[in-house]
Each structure stands twice: as C-alpha cells, then as structure tokens.
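J.: The sequence shown maps to residues 2 to 349 in our numbering.
Ideal Cβ positions, reconstructed from N, Cα and C, are used throughout, including at glycine.
What you are looking at is a predicted structure, and each value in this text was computed from that prediction instead of being measured.
One structure coming up, written as structure tokens, with questions to follow.
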Amino acid sequence: MRVLLTGGSGFIGSHIALLLLERGFDVVILDSYANSSPNVINRINTYLDKNDLRYKIEIINGDIRDKKIIDNIFLESIKQSKNIDIVIHLAGLKSVSESLNNPLHYWDVNVLGTLNLLLTMKEYECYSLVFSSSATIYGLSDSVPISEDHKISPINPYGETKVAIEKMFFDLYNSNTNLWKICSLRYFNPVGAHPSGVIGEDPVGTPNNLFPFLTQVAIGRQKLLNVFGDDWDTKDGSGIRDYIHIIDLAEGHLASIDYLNSKESCLEFINLGSGNGYSVFQIITQFESSIGCQIPFSIQSRREGDVAKCYADISKAKKLLGWTPKRTLDQICLDGWNWQIKNPNGYR
Ligand code: NAD
Ligand code: UFG
Numbered sequence: 002m003r004v005l006l007t008g009g010s011g012f013i014g015s016h017i018a019l020l021l022l023e024r025g026f027d028v029v030i031l032d033s034y035a036n037s038s039p040n041v042i043n044r045i046n047t048y049l050d051k052n053d054l055r056y057k058i059e060i061i062n063g064d065i066r067d068k069k070i071i072d073n074i075f076l077e078s079i080k081q082s083k084n085i086d087i088v089i090h091l092a093g094l095k096s097v098s099e100s101l102n103n104p105l106h107y108w109d110v111n112v113l114g115t116l117n118l119l120l121t122m123k124e125y126e127c128y129s130l131v132f133s134s135s136a137t138i139y140g141l142s143d144s145v146p147i148s149e150d151h152k153i154s155p156i157n158p159y160g161e162t163k164v165a166i167e168k169m170f171f172d173l174y175n176s177n178t179n180l181w182k183i184c185s186l187r188y189f190n191p192v193g194a195h196p197s198g199v200i201g202e203d204p205v206g207t208p209n210n211l212f213p214f215l216t217q218v219a220i221g222r223q224k225l226l227n228v229f230g231d232d233w234d235t236k237d238g239s240g241i242r243d244y245i246h247i248i249d250l251a252e253g254h255l256a257s258i259d260y261l262n263s264k265e266s267c268l269e270f271i272n273l274g275s276g277n278g279y280s281v282f283q284i285i286t287q288f289e290s291s292i293g294c295q296i297p298f299s300i301q302s303r304r305e306g307d308v309a310k311c312y313a314d315i316s317k318a319k320k321l322l323g324w325t326p327k328r329t330l331d332q333i334c335l336d337g338w339n340w341q342i343k344n345p346n347g348y349r
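Below, the structure written as structure tokens:
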C-alpha cells in the first residue's frame with residue numbers, strides 16, 4: 002500500500018514514517034523542511050538498515066502550496082503503476098504565537114495547502130485521508146474530559162485554520178457521501194520520542210512547550226523551567242494537560258488507515274490523547290524520578306491563552322479504531338530523555 006505523508010520529516014511525521022516503513026508500507030514524503038531537517042530521513046534510513054528491514058521510501062522536497070508538485074507526485078505514481086492509496090496530511094505550521102503575528106501565513110500554508118491537496122486527490126481519485134487536527138480547536142473550556150462533540154471555539158488563528166480545514170472536510174464529504182473516507186485526528190499533547198533515540202522532537206530556538214523545555218533544562222541548555230501559574234483551579238495549582246507518547250499517537254494513524262480501509266466512506270473527527278490529565282508539578286516530579294535528576298523551576302504568572310485543565314475523552318478512538326494508548330508517563334520521560342541525551346543539539 003502506498004502512502005503520501007506530507008510533513009513527514011517533522012516531529013510527528015517522522016515517527017509515523019518510521020512505523021509505516023517498519024510495517025511494509027511504501028511511503029512518499031513531501032516536506033519543505035520549513036520546520037525540520039533533512040537529517041531526519043537519514044536517521045530513519047540508518048535505523049531501518051541496521052534492523053535489516055527492506056523498505057520503500059521516496060522523498061520530495063517541496064511546498065504543499067505548490068499544486069504542481071503535488072500533481073506530479075500523483076502523476077509519477079500512476080506512471081510507475083504504484084497509485085497513492087491514502088494520504089496522511091501533517092504538513093503545516095503549528096505555533097500559536099507565530100499565527101497571532103502572521104495570520105495570513107497560517108491561512109496560506111495550512112488552509113490553502115490543504116485545499117491544494119484535496120483538489121489534487123480529487124483529480125486523481127484518491128479519496129482516503131488522515132489529517133492532523135488539534136485539541137486547540139476546543140478553545141478555552143475547562144470542562145474535562147473533552148469529547149468530540151464539545152463546542153468548537155478556537156482562540157487563535159492557528160486554531161481557526163484547523164477548524165476551517167475540518168469544515169472543508171465536512172462540505173466535501175457531504176457533496177457525495179459515498180466517496181470520501183476521512184479521519185480528522187485531534188491531537189492533544191504529543192511528547193516523548195522513539196525508544197531508539199534516533200528521532201525525536203527538535204524545536205527551533207527556545208521551546209514553547211513544556212516537555213522539550215524540561216529535557217533542555219535537564220541537559221543544561223536552559224537554566225530553569227518557568228512554571229506558568231501555581232494558582233489554577235487544580236489540585237496543586239499548576240495546569241493540567243493530556244500528554245500522549247508520540248509512538249501511541251503514531252499508532253493511532255496506523256489504526257486510522259485500517260479503519261478507513263474497512264469503510265466504503267466516512268468522515269470522523271477523533272480525539273487522540275492518553276485520556277489522562279497531569280499537572281506541570283506532576284510532570285516535573287515524574288521526570289525527576291524517571292531519570293534521577295533535579296529540575297530547578299521558578300513560578301511565573303499564568304501564560305496568556307492557557308486553561309487550567311485540558312484532557313481528552315478517548316472513548317471514540319478506542320471504539321472506532323480499536324486503538325488504545327499503551328505507554329506510561331514514565332516511558333514518555335525515559336524516551337524523551339534518551340533522545341535528548343543522545344542528541345543534545347537535536348539534529349544539528
Ligand atoms: P512539525 O513542525 O515538526 O512538522 C510539520 C512539518 O511540516 C515539518 O517537517 C515542516 O517542515 C513541514 N511543513 C511546514 N510547512 C510546509 C509547507 N508549506 N509545505 C510542505 N511542508 C511543510 O510539527 P509536528 O508537531 O510534527 O505537527 C505536525 C502536524 O500536527 C501539524 O499540522 C500540527 O498543526 C499538528 N499538531 C501538532 C501538535 C503538537 O503538539 N505537535 C498538536 C496538534 C496538532
Ligand atoms: N508550561 C509551563 N512552562 C513552560 C511551558 C509550558 O509551565 O515552559 C505549562 C503550560 O502553562 C501548560 C502546560 O505546561 O499548563 C502544557 O503547555 P504546552 O505549551 O506544552 O502545551 P499546551 O497544552 O499549552 O499547547 C499544546 C500546543 C498547542 C496545542 C495544544 C493542544 O502547543 O498548539 O497543545 O493540542 F493547541
């Protein structure tokens with residue numbers, strides 16, 4: 002089976018790519034390297050070679066906004082009699098702050114990029130899609146756990162682009178309910194790394210997110226962790242989130258492929274999280290105990306746009322996809338740390 006994976010050299014895409022290749026899928030990656038390194042692909046190849054796995058990977062360096070490039074991928078596949086059977090679409094921009102400063106860029110890359118892709122898929126009669134949506138579309142609600150029918154009310158342009166894309170799916174599916182098979186997966190907080198330490202999260206500049214910041218404090222790249230608020234309405238006053246091991250998240254995509262293959266047509270919006278909420282202080286304590294270190298931290302005021310609690314109701318994913326997250330918070334800390342210690346400067 003041939004999969005087009007857009008954004009396949011990014012944090013999430015690289016883990017999905019590795020799993021797909023390990024399981025015998027033929028993978029075409031389209032990535033502009035706007036927020037990733039070409040080294041990722043070398044890492045994946047080396048890992049698979051070392052494990053004596055035979056695999057089929059093709060890399061296209063290109064922009065999702067360039068319709069000719071996407072067109073060419075489908076055309077070449079047909080010429081080689083290896084049609085693209087399914088698309089996993091992750092290429093896009095994900096920084097909330099950047100989206101506030103440059104909203105048009107976010108609409109351009111995320112929305113127009115997806116529109117290009119859908120137009121081309123339609124042209125080449127490829128109707129199966131797994132998409133990377135986000136829990137950010139649920140906005141500022143604290144009512145947890147969050148299920149898929151929760152109100153959609155994003156509070157930043159990044160979130161708005163994900164909602165617009167989901168609306169596009171809705172219209173497209175309803176235009177012919179016998180044709181399209183789409184899973185829009187709403188990720189919560191993907192963290193950790195592949196247990197081998199060959200691939201992981203490598204943010205550019207100072208990390209905005211808790212986990213990469215934490216591992217950089219542990220390795221000495223950052224002095225201390227800023228805890229954004231100890232006065233939230235939670236047990237210990239710090240913010241609660243749903244951290245899901247990146248391999249569990251990647252496995253959710255494989256389960257989605259199986260699901261789409263079992264259907265004549267469908268459109269499903271599905272939460273992918275661990276289903277558990279952990280506070281910032283709980284994360285610090287677990288990380289310290291998992292890797293045996295002390296994390297210096299300082300309490301700061303609340304970060305704008307944060308909520309007290311956000312974690313997923315994952316019963317739909319369990320029921321529909323037959324998927325369940327398997328890895329513990331301890332495993333997340335160990336694998337995230339393993340990646341950081343083996344790659345103190347990421348892919349550089
Ligand atoms: P990432 O930045 O590591 O990966 C995105 C990839 O897309 C990168 O390799 C980047 O180079 C590529 N890309 C960006 N613009 C492109 C363009 N115009 N053309 C082609 N390629 C382009 O991010 P990630 O964490 O792996 O996220 C992947 C997807 O999942 C994104 O769409 C993101 O919005 C979504 N998501 C991520 C999270 C998270 O916490 N990481 C949460 C929810 C949803
Ligand atoms: N936090 C700190 N210090 C830090 C970073 C974060 O205390 O240095 C706290 C935050 O206040 C929050 C928790 O740690 O309580 C998690 O914060 P992250 O930035 O790691 O994650 P968020 O849940 O805020 O946001 C992430 C992505 C969003 C996405 C959302 C839901 O950054 O784009 O998950 O998927 F929308």
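What's the C-alpha gap between glutamate 305 and asparagine 102?
T.: Numbered from its first residue, the sequence shown carries residue 305 at position 304. Numbered from its first residue, the sequence shown carries residue 102 at position 101. Going from the Cα of glutamate 305 to the Cα of asparagine 102 covers about 15 Å.
J.: Please name the residue, chosen from Cys311, Ile300, Leu6 and Asn62, that lies closest to tyrosine 188 on a Cα-to-Cα basis.
T.: Along the sequence shown, one-based indexing puts residue 188 at 187. Comparing Cα-Cα distances from tyrosine 188 to each of Cys311, Ile300, Leu6 and Asn62, the minimum goes to Cys311.
J.: Any heavy atom of the ligand UFG closer than 7 Å to the beta-carbon of threonine 47?
T.: Walking along the sequence shown from the start, residue 47 turns up at place 46. No, Cβ of threonine 47 sits at least 7 Å from all heavy atoms of the ligand UFG.
J.: From which residue to which residue does the alpha helix (DSSP H) around cysteine 184 run?
T.: Start at 1 with the first residue of the sequence shown, and residue 184 comes out as number 183. Note, cysteine 184: premise wrong, no alpha helix (DSSP H); beta strand (DSSP E) at 182 to 188.
J.: Output the distance between the C-alpha atoms of serine 280 and threonine 137, rounded to the nearest integer angstrom.
T.: Within the sequence shown, numbered from 1, the residue matching residue 280 stands at position 279. Within the sequence shown, numbered from 1, the residue matching residue 137 stands at position 136. When rounded, the distance between both Cα atoms is 18 Å.
J.: Sorry if obvious, but does the Cβ on lysine 152 come closer than 7 Å to a heavy atom of the ligand UFG?
T.: Position 151 of the sequence shown, counted from the first residue, corresponds to residue 152. Checking every heavy atom of the ligand UFG against the Cβ of lysine 152, none is found closer than 7 Å.
J.: Between which two residues does the alpha helix (DSSP H) holding leucine 225 run?
T.: The residue you call residue 225 lines up with position 224 of the sequence shown. Run containing leucine 225: none; DSSP gives neither H nor E here.
J.: Say whether the region 253 to 273 touches the region 316 to 331, bearing in mind that this needs 3 or more beta-carbon pairs closer than 8 Å, one atom from each stretch.
T.: yes
J.: Quick one, which of His16, Thr7, Gly11 and Arg3 has its alpha-carbon nearest proline 196's?
T.: Here residue 196 corresponds to residue number 195 of the sequence shown, with the count starting at 1. Measuring from the Cα of proline 196, the nearest candidate turns out to be His16.
J.: Can you tell me which of the three DSSP states threonine 207 falls into?
T.: Here the question's residue 207 lines up with position 206 in the sequence shown. Three-state DSSP puts threonine 207 in coil, outside helix and strand.
J.: Classify leucine 31 as buried or exposed, calling it buried when 16 or more other Cβ atoms lie within 10 Å of its own Cβ.
T.: Within the sequence shown, residue 31 is the residue found at index 30, counting from 1. It counts as buried.
J.: Under 8 Å: do the region 167 to 178 and the region 267 to 275 share three or more Cβ pairs, one atom per stretch?
T.: These segments touch.
J.: Identify the residues that DSSP records as bridge partners of asparagine 62: which are they?
T.: Within the sequence shown, numbered from 1, the residue matching residue 62 stands at position 61. Looking at the DSSP assignment, asparagine 62 forms a beta bridge with Asp32.
J.: Rounded to a whole number of angstroms, what is the C-alpha to C-alpha distance between lysine 163 and lysine 224?
T.: Locating residue 163 in the sequence shown gives position 162, where the first residue counts as 1. Locating residue 224 in the sequence shown gives position 223, where the first residue counts as 1. Lysine 163 and lysine 224: Cα-Cα distance of roughly 34 Å.
J.: Say yes only if the C-beta of lysine 68 is nearer than 7 Å to one or more non-hydrogen atoms of the ligand NAD, and no if none qualify.
T.: Translated into positions along the sequence shown, residue 68 becomes position 67. False, no ligand heavy atom lies under 7 Å from that Cβ.
J.: Cβ of glycine 276 within 7 Å of any heavy atom in the ligand NAD?
T.: Within the sequence shown, the letter at position 275 stands for residue 276. The answer is no for glycine 276.
J.: Given a threshold of 16 other Cβ atoms within 10 Å of its Cβ, counted over all protein chains shown, does threonine 47 qualify as buried or as exposed?
T.: Locating residue 47 in the sequence shown gives position 46, where the first residue counts as 1. The residue in question, threonine 47, is exposed, as its Cβ has fewer than 16 Cβ neighbours within 10 Å.
J.: What I want to know is whether the C-beta of asparagine 344 ends up closer than 7 Å to one or more non-hydrogen atoms of the ligand UFG.
T.: Working through the sequence shown from its first residue, we reach residue 344 at position 343. Asparagine 344: no, Cβ never under 7 Å from the ligand UFG.
J.: Suppose the cutoff is 6 Å on Cβ atoms and the five residues either side in sequence are ignored; what does the same chain contact list for alanine 194 look like?
T.: Mapped onto the sequence shown, residue 194 falls at position 193. So the qualifying residues of the chain are Gly201, Asp336, Gly337 and Trp340.
J.: Using the three-state DSSP reduction, which class does alanine 313 fall into: helix, strand or coil?
T.: Working through the sequence shown from its first residue, we reach residue 313 at position 312. It is a strand residue.
J.: Any heavy atom of the ligand NAD within a distance shorter than 7 Å of the CB on proline 39?
T.: The residue given as residue 39 occupies position 38 in the sequence shown. Because no heavy atom of the ligand NAD lies under 7 Å away, the Cβ of proline 39 does not count as near it: no.
J.: Does the beta-carbon of aspartate 53, which I'm using as the reference point, lie nearer than 7 Å to any heavy atom of the ligand NAD?
T.: In the sequence shown, counting from the first residue as 1, residue 53 sits at position 52. For the ligand NAD, not one heavy atom lies less than 7 Å from the Cβ of aspartate 53.
J.: Check whether the region 138 to 154 and the region 86 to 99 touch, using three or more Cβ-Cβ pairs below 8 Å as the test.
T.: At 8 Å Cβ cutoff, the stretches do not touch.
J.: How close, in whole Å, do the beta carbons of leucine 173 and leucine 120 come, if the pair is a contact with beta carbons under 8 Å?
T.: Counting from one through the sequence shown, the residue named residue 173 turns up at place 172. Counting from one through the sequence shown, the residue named residue 120 turns up at place 119. Leucine 173 to leucine 120, Cβ: 10 Å. No contact.
J.: Closer than 6 Å by C-beta to tyrosine 139: which residues in its own chain qualify, once you throw out the five before and the five after it? Chain order, please.
T.: Translated into the one-based positions of the sequence shown, residue 139 becomes position 138. Same-chain partners within the cutoff: Ile147 and His151.
J.: Quick check on the DSSP output: the alpha helix (DSSP H) that includes serine 266 runs from which residue to which?
T.: Along the sequence shown, read from residue 1 onward, the residue named residue 266 stands at position 265. From DSSP, serine 266 is part of no alpha helix (DSSP H); its letter is neither H nor E.
J.: Three-state secondary structure (DSSP) at phenylalanine 270?
T.: Start at 1 with the first residue of the sequence shown, and residue 270 comes out as number 269. Reduced to three states, the DSSP call for phenylalanine 270 is strand.
J.: So, for aspartate 86: in the same chain, excluding its five sequence neighbours on each side, which residues have a beta-carbon less than 8 Å away from its beta-carbon?
T.: Translated into the one-based positions of the sequence shown, residue 86 becomes position 85. Answer for aspartate 86: Met2, Arg3, Val4, Cys127 and Ser129, listed in chain order.
J.: Could you please give me the residues that DSSP links to leucine 6 through a beta bridge?
T.: Translated into positions along the sequence shown, residue 6 becomes position 5. Ile30 and Ile89, per the DSSP bridge assignment.
J.: Per DSSP, what kind of secondary structure is leucine 141 in: helix, strand or coil?
T.: On the sequence shown, position 140 is the one that residue 141 refers to. In the structure shown, leucine 141 sits in coil (DSSP, three-state: anything other than H, G, I, E or B).
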